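Novice: For reference, the structure I am asking about is given below.
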Amino acid sequence: MVLAFASDWSLAVETSVAEAPATRTGGLLHLSGRCDPEGGRTGVDFQSFSNSRLGIGLALAVSRATPPALGYRIARAGARRLAAESDAPMVRAIRTNQWMASGRTLEGAALDEAVRSTLEMSGRFLYDIYHLPKDPQALLSRVVVNETFERFLAETSRGPHVVVGVHLGNFDLVGQALGISGWRAQVLSVAEPNGGYQWQNEMRKRNGLEMTPVTIESLKRAARRLSDGGTVLTGIDRPLPEAELRPRFFGAPANVPVLHVRLAMRAQAPVIVISALRREDGLYELQASDPMTMTGSVKNPDDVLRNAETALAVAEELITRTPRQWAMPHAVWPDIQAPWAAHDSGGTPNDG
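What follows is the structure, encoded as C-alpha cells:
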C-alpha cells in the first residue's frame, strides 16, 4: 500500500515539492509499483514493504508533504493499483475477508469494488495518521471526544480490564488519542516486530501506550498488570499462523487469537471490544462494547471458545456496520477462498 502511494505521489506532485523528505529515497518514488530499475516488470511485495521501516518512513514523508485532497487522491489511485494485483496475498486476503463479512453474498464486480474500496479506506487511514504533526493535540483533534470516549476512560480506570480492538477504522489513531487523554494500558503487539512495526511502536509510546511484543515475559507482565487492577490491550481479529483453537467468526472457524480470553478468565477481568469508525466528516469515533464477563474454566477449551465467540459476535456487529473500514490485510480464514475477481477466469471458492 505504501509503495503504491509513493509511486502515485511522484506523478502527482509538482517540482515545487521536490525537496520533500521523501525524495531522499531517490528512484524509489518513481517506481510504478511494478517496474524494476532496468525498465522491466517485476512483482513487489507491497505488504512487506509497507511494514518495513523504510515503508513507514516513506508513508510519513509522503503524507506530511501532501494536502488532504491530494493525499486522498493518492489513496484512491493506490487502491486501484493494488486491487488490480488480484493474485497478491494481501488482495486475496482482503477479498475473502470482505466476502465472509458479507455473509458470502458479494460476488463479481460488487466484490471487486469492495476490495478496491477497502484498500482506499486503508490508504486514507494511513494518510490521516501520518499527515498529522507530532503535536499530540493535533492528533486528538481528529477524534470525537464524546460520552462513549469519556465513559470508556472512566470504566477502564475501575479495576482490571482486557480490551480487544477490531482493526476497523483508524484503530491506531484512536488508541493513541486515548493515551494522550491519560489512558494507560499495556499493549500486546506483534511478536518479533520488524523495523516498520518498531517505528510505529515508538510513536505509540510517545503518546502514552506501553508497547510490549508478545513474549512469555510480556504475558507474565500482562497477568501482573491485571492482578494489580490495570488494563491490557490486544487485537481480536489479527490471524495467527497456527491457531490451537479456532472460534467461529462470521459463521466459520477462523485463525483468530484467544489469548485475550485466557488472560481475562485467569484474572477474572471483563472484556471490552473497541473499534474506531471514520465518520463522514472525517473524524474518528470510538466504539466500545459494555464489559463482558468471561465465564467457565480456562482449562476447558469449550469455555474458551464460547467466550471468544461472544466477543467476536460484537466484532461482527461492528464490522457489519461499515465493512469497507475493516482494514485487515491478513487471511483470517486461510482455508477459505472467495470467488475469483470479475476479470479473472475459472476457479471456484473453497469454502473449507
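Numbering of the sequence shown is given in our numbering, commencing with residue 3 and proceeding in unit increments. Positions of the beta carbon are idealized from the N, C-alpha and C atoms, including for glycine. Since the structure is predicted, the reported quantities are computational estimates derived from the model, not experimental observations.
So what does DSSP say about ARG206, is it helix, strand or coil?
Specialist: As a working mapping, residue 206 is identified with position 204 in the sequence shown. Three-state result, ARG206: helix.
Novice: Within the continuous beta strand (DSSP E) that includes GLY237, where are the two ends?
Specialist: On the sequence shown, residue 237 is found 235 positions in, with the first residue counted as 1. Run containing GLY237: 233-237, per the beta strand (DSSP E) assignment.
Novice: Can you grab the Cα-Cα spacing for the pair GLN339 / ARG94, in whole Å?
Specialist: In the sequence shown, residue 339 corresponds to position 337, counting from 1. In the sequence shown, residue 94 corresponds to position 92, counting from 1. Straight-line Cα distance between these residues: approximately 8 Å.
Novice: Let me check understanding here. Comparing Cα to Cα, which of TRP101, SER119 and ARG106 lies closest to ALA86?
Specialist: Position 84 of the sequence shown holds residue 86. Ranking TRP101, SER119 and ARG106 by Cα distance to ALA86 puts SER119 first.
Novice: Per DSSP, GLY73 is paired with what?
Specialist: Here residue 73 is taken as the residue at index 71 of the sequence shown, counted from 1. Per DSSP, none; premise fails for GLY73.
Novice: Let me know if THR322 comes out buried or exposed under the rule of 16 or more other beta-carbons within 10 Å of its beta-carbon.
Specialist: Looking up residue 322 in the sequence shown gives position 320. Around the beta carbon of THR322, fewer than 16 other beta carbons lie within 10 angstroms, which makes this residue exposed.
Novice: Kindly list the residues whose CB is nearer than 8 Å to the CB of THR214, restricted to its own chain and excluding five residues on each side of it in sequence; keep chain order.
Specialist: As a working mapping, residue 214 is identified with position 212 in the sequence shown. Sequence-distant Cβ neighbours of THR214 in its own chain, meaning closer than 8 Å and more than five residues away, are GLN188, VAL189, LEU190, SER191, SER220, ARG223 and ALA224.
Novice: Between GLY232 and PHE252, what straight-line distance do the alpha-carbon atoms span, to the nearest angstrom?
Specialist: Along the sequence shown, read from residue 1 onward, the residue named residue 232 stands at position 230. Along the sequence shown, read from residue 1 onward, the residue named residue 252 stands at position 250. Using only the alpha carbons, I get a separation of about 31 Å.
Novice: Could you tell me the alpha carbon to alpha carbon distance between LYS207 and ALA343, rounded to whole angstroms?
Specialist: By 1-based counting over the sequence shown, the position of residue 207 is 205. By 1-based counting over the sequence shown, the position of residue 343 is 341. Spanning the two alpha carbons is a distance of roughly 40 Å.
Novice: Kindly indicate which residue of TRP185, ASP174, VAL166 and THR217 has the alpha-carbon position closest to the one of ALA271.
Specialist: Position 269 of the sequence shown, counted from the first residue, corresponds to residue 271. Ranking the options by Cα distance to ALA271, first place goes to VAL166.
Novice: Ends of the alpha helix (DSSP H) at VAL263?
Specialist: Walking along the sequence shown from the start, residue 263 turns up at place 261. Run containing VAL263: 261-269, per the alpha helix (DSSP H) assignment.
Novice: Using DSSP with H/G/I as helix, E/B as strand and the rest coil, what is ARG393?
Specialist: As shown, the chain starts at 3 and ends at 354. That puts residue 393 outside it, with no answer to give.
Novice: Do TYR132 and ALA77 have their CB atoms nearer than 8 Å?
Specialist: Position 130 of the sequence shown holds residue 132. Position 75 of the sequence shown holds residue 77. No; because the gap between Cβ atoms is not below 8 Å, this pair is not in contact.
Novice: Could you please give the first and the last residue of the uninterrupted alpha helix (DSSP H) stretch that includes GLU157?
Specialist: Residue numbering aside, residue 157 sits at position 155 when the sequence shown is read from its first letter. Counting along the chain, the unbroken alpha helix (DSSP H) around GLU157 starts and ends at 149-158.
Novice: So who's on the other strand from GLY171, going by DSSP bridges?
Specialist: Translated into positions along the sequence shown, residue 171 becomes position 169. The beta-bridge partner set that DSSP reports for GLY171 consists of ALA278.
Novice: In angstroms with no decimal places, state the Cα-to-Cα distance between ALA90 and PRO341.
Specialist: Start at 1 with the first residue of the sequence shown, and residue 90 comes out as number 88. Start at 1 with the first residue of the sequence shown, and residue 341 comes out as number 339. Those two C-alpha atoms are separated by around 15 Å.
Novice: Anyone know if the C-beta pair for MET330 and THR312 falls short of 8 Å?
Specialist: As a first step, residue 330 must be located in the sequence shown, where it is residue number 328. As a first step, residue 312 must be located in the sequence shown, where it is residue number 310. No; because the gap between Cβ atoms is not below 8 Å, this pair is not in contact.
Novice: May I have the straight-line CA-CA distance separating PHE154 from ILE276, to the nearest angstrom?
Specialist: Position 152 of the sequence shown, counted from the first residue, corresponds to residue 154. Position 274 of the sequence shown, counted from the first residue, corresponds to residue 276. Distance between the alpha carbons of PHE154 and ILE276: 10 Å.
Novice: Which class does LEU5 belong to by DSSP, given the choice of helix, strand or coil?
Specialist: Walking along the sequence shown from the start, residue 5 turns up at place 3. In this prediction, LEU5 scores a pLDDT of 45, lower than 50, which makes its location untrustworthy; the coordinate-derived value is nonetheless stated afterwards. LEU5 falls in the helix class under three-state DSSP.
Novice: Does the Cβ of GLN139 have 16 or more other Cβ atoms within 10 Å, making it buried, or fewer, making it exposed?
Specialist: Within the sequence shown, numbered from 1, the residue matching residue 139 stands at position 137. The residue is exposed, with fewer than 16 neighbouring Cβ atoms inside 10 Å.
Novice: Please give me, in chain order, every unbroken run of the alpha helix (DSSP H) with length at least 4 that falls completely inside the region 89-146.
Specialist: Here the runs fully enclosed are 91-103, 110-133 and 138-142.
Novice: Is there contact here, the region 234-244 with the region 163-179, by at least three beta-carbon pairs under 8 Å?
Specialist: By the criterion of at least three beta-carbon pairs nearer than 8 Å, the region 234-244 is in contact with the region 163-179.
Novice: Pair every Cβ in the region 296-308 with every Cβ in the region 139-153, then say whether three or more of these pairs are closer than 8 Å.
Specialist: no
Novice: Using alpha carbons as the reference points, say which of ALA111, LEU288 and ILE96 lies closest to ALA333.
Specialist: Translated into positions along the sequence shown, residue 333 becomes position 331. Scanning ALA111, LEU288 and ILE96 for the CA closest to the CA of ALA333 turns up ILE96.
Novice: Taking the CB atoms as reference points, tell me whether ARG126 and TYR286 lie closer together than 8 Å.
Specialist: To locate residue 126, count along the sequence shown from 1; it is residue 124. To locate residue 286, count along the sequence shown from 1; it is residue 284. Not closer than 8 Å, so no.
Novice: Under the assumption that LEU84 contacts LEU121 (Cβ atoms under 8 Å), give the Cβ distance between them as a whole number of angstroms.
Specialist: The residue labelled residue 84 in the question sits at position 82 within the sequence shown. The residue labelled residue 121 in the question sits at position 119 within the sequence shown. So it is a contact: roughly 5 Å between Cβ atoms.
Novice: What are the start and end residues of the beta strand (DSSP E) that includes PRO215?
Specialist: Residue mapping note: residue 215 aligns to position 213 of the sequence shown, counting from 1. Here the beta strand (DSSP E) through PRO215 covers 212-215.
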